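Quick notes on the structure that follows.
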Amino acid sequence: MKKPWSISTTVRNPERLRDFLRVLKKLEGQPFDKDNQVKYQVLLIQERLYKPLNIPPKFRKYYKKPELEIPYEVAEEIFYAQQYEDPPMRGRQSVNPLNKLGFSIAREGFGPIIITELGNKFLAGDYDIGYIFFKSLLKLQFPNPWSADFSEKEGFNIMPFIAVLHLIDKLNRRSTKRGLDKTEFSIFVPTLINFDQIDEYLERILEFRKEKNKERYILNFAKKFYETEDVPRKKIHNLFDYGDNIMRYFRLTRYFKVSMDPLGYYWNIDIEPSRKVEIEQLLDMYSGEAFKFNSLTDYLNYLSDITKPALPWEKKENLEKIAQSLKNETINLIEKENLQITQDKQEILLADIQTMSKNQLEDYISRLREFNLELKERLKKIKLMKDINRIEEIILALRDSKKLKKYEPEQFEKLITEALKIINDEILIKPNYPMDDDGEPINHSPGNKPDIECYYQTFKAICEVTLNTTKLQWVHEGQPVMRHLRDFEIQHQGDDVFCIFIAPQIHNDTYSQFWISVRYEYDGRPQKIVPMTTKQFAIILETLLNLRKQGRKFSHKELYGLYSMIINRSKTLSSFSEWVVSIDKTIKEWQQRMLES
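In our numbering, each residue carries its 1-based index in the sequence shown increased by 353.
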């Protein structure tokens, strides 16, 4: 029976993959023998990156009070309490996606555990997620000498990343509907196991689009793929899981453009238009056929070598074509939208591509991309400010805490970013989520930075947002938020610096933690943290909208007044529960005063 391919269903979120790699780094240089396979899984339990199903009663306190550190001996006892048939296999399974994506080499009998150069770049604080996953997914191929899972005998011969680019490119030439929707991608991408099938799959997709009874078509397609008349529903359901997982990894590369609703339920994936030239060059160079390796050693050397496989833009003339294409795209955008640009930006567009060295071209392309994104963000802002309906939609979304909890984390960060931009006299609102070439989030903000940075003339702020409303909220958010704020305070000494914390609901433990930091101190000095529910934050936008409808102005100074009042009033209170009541009262009084004045 044939089987589909997937990237990693054990680790759906790539950010978690980085945590798994961080733990493996502790064992680097040691053999990945049975003892270390168990040790790796125990360390994942200790770091709360893996929670087994069966927690012995005497250890449940560690999960009821997540602030308690789990001692290694306790994690080990929890691990053995699971009574696995093959305990070391758990460690092998957890390390599998790291090996598969070329971040590590960890296998019994193959020398010491190695974190590859790409893996170390991923662990570095300032890693570029697009570069990491582009390099990683370009190497992903089936079959390969490292894995017996997807063999040539089973029909596999594919570099999935390249093959899917070919498939969508060909489809776009034949159809007015661009890209693949969620169903098409989930059915036809994980089952595309050989580059020779690209043309056949193109015809199948076009056929599927004409088919009225989609359910029947999918079932018949699954019967043919799995070579059986009896296909359990679970197998079809699994294809959607694999499709969703592959999409999430592919979009991180920025070579695919994903349009998605905030809940992540409906989506469409296409080739990224602003990388058209790079994609054409890649498709000219590679067919999607898997590389052949003479030995496992050759494959492992290939996996470890960050310069492999060769890229078409290693040639200077190809880099020049990419730079020229981006330059033309930027000029067209400026002319079409009649945008004003500064002298230094004009100089970027006047630069002579022909005289640049290879390194200068790479730097120039990077600067053009930044400039292009800046222009698109400016246009989005102009459109948002004119769109009263969108502002009302944002207010309604913020009020609906039940629906918000189903949002994708990065979509929630985007919603709050848009809301902050509506206030409209900022110097800069800077979300830290990684973006595609149009400024759409491709993942949530990394854990080592604030979610959003806000720069105003009168004050500066970070904004931290979370959809977590459980008692784990303060564990995940408390210390990191206060640490991010302290780092930001140090960077902006002499400025008034706040942290605005926004969640659909705020847990009492979180209020308590922030209260201590505001009223007393965090690491020796008090902080200015303003916790607000999304409903309370919606009141600010609602006030702004009402003022705008009356033709009145609203500036960040009014916001500064509100934040300062919330902090100052805390000094006269004796408990966090009083502060909770005071925050709500202050926001409502502020709204009343703003609308009456």
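Positions of the beta carbon are idealized from the N, C-alpha and C atoms, including for glycine.
Keep in mind that this is a model prediction, so the values were computed, not measured.
Query                                                                                                        : Result
is_contact[T660, chain B] using C-beta, thresh 8 angstroms                                                   : Here there is only one protein chain, and chain B is not present.
S719 in three-state terms, based on DSSP                                                                     : helix
Proximity of K378 and I468 at Cβ, strictly below 8 angstroms                                                 : yes
CA-to-CA distance, Y717 to L702, given in whole angstroms                                                    : 10 angstroms
Limits of the unbroken alpha helix (DSSP H) element including T939                                           : F929 to E949
Near the ligand SAH: Q844 beta-carbon under 7 angstroms from a heavy atom                                    : Ligands in the displayed structure: none, and consequently the ligand SAH is not present.
Among A643, E420 and F851, the one whose alpha carbon lies nearest that of I511                              : A643
Residue from E625, K756, E633 and D790 with nearest C-alpha to L728                                          : D790
Integer Cβ distance of M354 from Y579, believed to fall under 8 angstroms                                    : 6 angstroms
Nearest residue (CA-CA) to Q446, options L471, E422 and L370                                                 : L370
Reduced DSSP secondary structure (H/G/I, E/B, other) of A772                                                 : helix
Residue nearest to H590 in terms of C-alpha spacing, selected from G382, K488 and E568                       : E568
Which of helix, strand or coil DSSP assigns to A459                                                          : coil
Between the CA atoms of P794 and I360 - distance to the nearest angstrom                                     : 21 angstroms
Residue range of the beta strand (DSSP E) that includes N621                                                 : W620 to I624
Inter-residue CB distance, K734 and G792 (contact presumed, cutoff 8 angstroms)                              : K734 to G792, Cβ: 10 angstroms. No contact.
Presumed contact (8 angstroms Cβ cut-off) between F373 and L402, rounded CB distance                         : 6 angstroms
Beta-carbon spacing of D849, F812 below 8 angstroms                                                          : yes
Close beta carbons around G914, own chain, < 8 angstroms, minus the five adjacent residues each side         : W943
Three-state secondary structure assigned by DSSP to D481                                                     : coil
Spatially closest choice to K356 from D388, E400, A772 and T581, by CA coordinates                           : T581
Unbroken alpha helix (DSSP H) run spanning E560, endpoints                                                   : I551 to K563
Burial state of I782, where buried means 16 or more other Cβ atoms lie within 10 Å                           : buried
Classification of V934 by the beta-carbon crowding that lies within 10 angstroms, buried from 16 upward      : exposed
Spatially closest choice to I776 from Y760, L559, C807 and E874, by CA coordinates                           : C807
Continuous alpha helix (DSSP H) assignments of at least 4 residues falling wholly in the region 854-898      : 861-872
Beta-carbon separation (whole angstroms), P465 vs P384, contact threshold 8 angstroms                        : 6 angstroms
DSSP three-state assignment for K813, whether helix, strand or coil                                          : strand
Every unbroken beta strand (DSSP E) within the region 567-624, with a cutoff of 3 residues, ordered by chain : 609-613 and 620-624
Extent of the continuous alpha helix (DSSP H) to which I659 belongs                                          : Taken as a continuous stretch (DSSP letters only), I659 belongs to no alpha helix (DSSP H), as it is neither H nor E.
N- and C-terminal bounds of the beta strand (DSSP E) containing E806                                         : I805 to Y808
Three-way DSSP call (helix, strand, coil) for M738 in this model                                             : helix
Nearest-angstrom beta carbon gap, N821 and P799 [assumed within contact, 8 angstroms]                        : Contact doesn't hold; Cβ gap of about 17 angstroms is too wide.
Contact the region 594-610 vs the region 757-773: 3+ CB pairs below 8 angstroms                              : no
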